[in-house]
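Trainee:
Numbering (this note's numbering), first residue to last: -3 to 65.
(1) What does DSSP give as the partner residue(s) for residue 26 in the beta ladder?
(2) If you drop the 5 nearest sequence neighbours on each side, which residues of the same chain put their C-beta closer than 6 Å to that of residue 28?
(3) Would you kindly work out how many angstroms separate the C-alpha atoms of residue 2 and residue 21, rounded to a whole number?
(4) In the DSSP assignment, find the unbroken alpha helix (DSSP H) run with residue -1 in it and report its ends.
(5) Going by Cα to Cα distance, which pick from 9, -1 and 19 is closest to residue 32?
Laid out in structure tokens, this is it:
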């Protein structure tokens, strides 16, 4: 849980605080926006890593009473 929530939260908070006053651009896009949008695939990768580490071998059996027929 720390991997999925903690790292992106700290990265986003630190990045916004660090880049808030920046006037730099990348292809005419403010560097803060590029950083925030770069966090989307990074967060997805962290979710995949967390799944592989913790839930990969979990047994996900459907309950026959709640499963659609």
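Where is the CB? At the ideal position from N, CA and C, for every residue including glycine.
Mentor: The answer reads as follows:
(1) 21.
(2) Counting only residues of its own chain and dropping the five nearest sequence neighbours on each side, residue 28 has a CB closer than 6 Å to the CB of 15.
(3) Going by the C-alpha atoms only, they are around 27 Å apart.
(4) For residue -1, there is no enclosing alpha helix (DSSP H), as DSSP gives it neither H nor E.
(5) Checking every option, the nearest Cα to that of residue 32 belongs to 9.
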